[in-house]
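Taken in order, the sequence shown gives residues 0 to 312; the numbers are from numbering that gives the first Met the number 0.
Every residue gets a Cβ at the ideal spot worked out from N, C-alpha and C, and that includes glycine.
Model, not experiment: these values are computed from the prediction.
To start, the structure under review is shown below, and the notes come after it.
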Amino acid sequence: MNSLKIGNIKLKNKLFLAPMVDVTDCAFRLLCREQGVAMAYTEMIYIKAILHENEPTKKLMTIGGKLDQPLGLQITGNNVLEFNKFSKLSVLQNYDLIDINCGCPSAKIVGNEAGSYLLKTPDKIADMIRVLKNEGFIVTAKIRLGFKNNNVLEVSKKIEKAGADLLTIHTRTAEQRSSEKPDWSWISRVKHEVGIPIVGNGGVVNGKTASDMLDIADGAMIASAAIGNPLIFREILKYLKNGKEKEITKKERVSSFQDYITLAEKYKVFDMGRVKYLGANFLKGFDGASQARNDFMKLKNIEEIRNFVKLLC
Ligand SMILES: Cc1cc2nc3c(=O)[nH]c(=O)nc-3n(C[C@H](O)[C@H](O)[C@H](O)COP(=O)(O)O)c2cc1C
């Protein structure tokens, strides 16, 4: 495995944990890093929220110390002037790079002309990148193949020209559902046209698909398959080394959920809604998982959750 660099950041391997709303808080990232993932991001945060410095946003921006590095702050917005203001914030110095989300399809974000809506205006994305590059940041962008129509080649070229250090491509358009097959052929086409590292995303779910992605891209980013399953990174790394991966056991899954709770409390990012969502995903893939999930969803507080998980282990 030859190495990958983002700006001057040298990564220990080519696996990326995708930014995910309600998932990739510092506790979850730390679990994935323990299992070997090289690069991770905060969940997407709207820059207006960062400019207003509200408490829930601070929680989303929490960093899990030195072990939680290198770390990208993922942001979105719709306004270059706001990016100017944002780029001067001292808090940004705590992150290794800034990633601009140009892929979120949610109605709220698209309604604000941010996220995947930005794909309609590639010049605006380029201006946003230039603002951040002018302040000396390492800057990356995460895009989809297009909003409605595929314009990934045009967008990628503009992103490279604006000075971005790396580009991640989620190989679906914003209109495509996650159940639709991603189209990886565009990764090779983009790589033919641009020289910055390209990370491929969409449908990487195990060692084989990660290996296939790394045959065409410089890095492989994993989202859904990592939810409730940080051990996926250990198994993918094993597969990349010797072509073999093994099933993750019940004990491993439950004890990594236990670790999540401990870390979420330690870093003060504990949130009951998130714990329920994540817990339901950790408690999968073993005999009796469905009953365990049903029982888990009835729990009312952290003490009940801690005891329940201890008994399951
Ligand atoms: C629960 C969830 C939350 C997500 N939140 C974000 C986000 O904050 N920022 C982002 O760029 N993409 C987000 N995505 C998209 C993923 O990063 C990724 O691009 C997409 O799921 C495709 O990868 P996959 O096939 O590995 O799931 C999210 C996806 C999921 C499932």
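Shortest gap from the CB of H191 to any heavy atom of ligand 1: 6 Å or more. Around the C-beta of Q175, 16 or more other C-beta atoms lie within 10 Å, and the residue is accordingly described as buried. Relative to ligand 1, the beta carbon of K141 is positioned inside 6 Å of a heavy atom. Closest by C-alpha distance to E33, out of E54, G63, K299, T170, is G63.
If you look at H169, you'll find it in the beta strand (DSSP E) that goes 165 to 169. Annotation for P104 indicates a beta carbon at 6 Å or more from all heavy atoms of ligand 1. Given a length threshold of 4 residues, each whole run of the alpha helix (DSSP H) inside the stretch 93 to 120 is given here in chain order: 106 to 110. According to the DSSP assignment, N280 belongs to no beta strand (DSSP E) but to the alpha helix (DSSP H) extending over 271 to 281. Using a C-beta cut-off of 8 Å, the stretch 5 to 19 makes contact with the stretch 160 to 170, since at least three inter-stretch Cβ pairs fall below that distance. DSSP places N149 within a strand segment (E or B) once states are collapsed to three. The stretch 48 to 72 contains no complete beta strand (DSSP E) run of 3 or more residues.
For K4, no alpha helix (DSSP H) run applies; the uninterrupted beta strand (DSSP E) run containing it begins and ends at 3 to 5, by DSSP. With respect to the 7 Å criterion, L72 and Y94 are classified as neighbours on the basis of their beta carbons. Between L236 and G35 a beta carbon distance of about 5 Å is seen, short of the 8 Å cut, so the two are scored as contacting. Excluding five sequence positions before and after F136, the CB atoms of its chain that fall closer than 8 Å to its own CB belong to S86, L91, L96, I97, given in chain order.
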